[in-house]
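In the working numbering, the protein residues as written are 29 to 193.
Report on the structure given below.
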Amino acid sequence: MKYWLLKSEPEVYSIDHLKKDHQTDWEGVRNYLARNYMMKEMSLGDLCFFYHSNSDPAGITGVAKVSRQAEPDLLQFNKKSEFYDQKSTRQNPRWFCVQIQFVKKFKNLISLARLKQEYALQKMALVQKGQRLSVQPVSQTEFDFILSIAEAGSRPRLDQSVSEN
DNA sequence: GCCAACGTTGGC
DNA sequence: GCCAACGTTGGC
Numbered sequence: 029m030k031y032w033l034l035k036s037e038p039e040v041y042s043i044d045h046l047k048k049d050h051q052t053d054w055e056g057v058r059n060y061l062a063r064n065y066m067m068k069e070m071s072l073g074d075l076c077f078f079y080h081s082n083s084d085p086a087g088i089t090g091v092a093k094v095s096r097q098a099e100p101d102l103l104q105f106n107k108k109s110e111f112y113d114q115k116s117t118r119q120n121p122r123w124f125c126v127q128i129q130f131v132k133k134f135k136n137l138i139s140l141a142r143l144k145q146e147y148a149l150q151k152m153a154l155v156q157k158g159q160r161l162s163v164q165p166v167s168q169t170e171f172d173f174i175l176s177i178a179e180a181g182s183r184p185r186l187d188q189s190v191s192e193n
């Protein structure tokens, strides 16, 4: 099992869209490295952080899982699509996408600023300067660490209410 | 809106 | 195959 991070602009497609749709084809990726991750390395059941980019605040909003392995991205054949690719043929498609399924939305988004503050995540791809790949691998350690932040953040602060009395 | 970082294109 | 020019991403 591998772990990933998928970026999406929430105004285009947010975690709430995914929750509503239940599952979606991750189409429109037009970067070879990102494509190769989807095509060659993603397997059924792999877990993905769902990241909102170009938003305020930017950050990780939840989890999805790979529900179908990579298949040709049909938008590349659609002349009306902004993702149409003249050089791609059905016999030899250039772009592929996986299908992902909603798993959960975090009660609170984990902001990029917060992630950058975490010593344990210093090496994470997402927090590196200039990192703009829309499909990124995440290590199991990073994945577990971030999940623990999400779960801690969604639990009532019992410790605080006790100490106040 | 700015701009740094990165990817792609195309002339040579 | 090099690299300048251009386009895109995405944080700030």
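Backbone N, C-alpha and C define an ideal beta-carbon position, used for all residues, glycine too.
Keep in mind the model is a prediction, meaning the values are calculated, not measured.
Under 8 Å by Cβ, that's how I've got residue 111 and residue 58 pegged, so tell me the actual separation to the nearest angstrom.
Against the first sequence, residue 111 aligns to sequence position 83. Against the first sequence, residue 58 aligns to sequence position 30. About 6 Å separates the beta carbon of residue 111 from that of residue 58, a gap short enough to meet the 8 Å contact definition.
DSSP on residue 53, reduced to helix/strand/coil?
Counting from 1 along the first sequence, the entry for residue 53 is found at position 25. Residue state, collapsed to three classes: strand.
Can you grab the Cα-Cα spacing for the pair residue 130 / residue 34, in whole Å?
Here the question's residue 130 lines up with position 102 in the first sequence. Here the question's residue 34 lines up with position 6 in the first sequence. So the two alpha carbons sit approximately 13 Å from each other.
Could you tell me if residue 85 is buried or exposed, where buried requires 16 or more neighbouring beta carbons within 10 angstroms of its beta carbon?
Within the first sequence, the letter at position 57 stands for residue 85. Classification for residue 85: exposed.
Rounded C-alpha distance that separates residue 55 from residue 144
Locating residue 55 in the first sequence gives position 27, where the first residue counts as 1. Locating residue 144 in the first sequence gives position 116, where the first residue counts as 1. Taking the straight line joining both Cα atoms gives about 28 Å.
Using the beta-carbon count (16 or more within 10 Å), is residue 166 buried or exposed?
On the first sequence, residue 166 is found 138 positions in, with the first residue counted as 1. By the neighbour-count rule (16 or more Cβ atoms within 10 Å), residue 166 is buried.
Could you round the C-beta distance between residue 62 and residue 176 to whole angstroms and report it? I think they count as a contact, below 8 Å.
As a first step, residue 62 is located in the first sequence; it is residue number 34 there, counting from the start. As a first step, residue 176 is located in the first sequence; it is residue number 148 there, counting from the start. Cβ atoms of residue 62 and residue 176 stay farther apart than 8 Å, at about 27 Å.
Pull up the distance between the alpha-carbon of residue 142 and that of residue 45, whole angstroms please.
Translated into positions along the first sequence, residue 142 becomes position 114. Translated into positions along the first sequence, residue 45 becomes position 17. So the two alpha carbons sit approximately 24 Å from each other.
What residue range does the beta strand (DSSP E) around residue 31 cover?
Position 3 of the first sequence holds residue 31. It spans 31-36 - the beta strand (DSSP E) in which residue 31 sits, taken as one unbroken run.
With 16 other Cβ atoms within 10 Å as the buried cut-off, status of residue 49
As a first step, residue 49 must be located in the first sequence, where it is residue number 21. Flag for residue 49 reads exposed.
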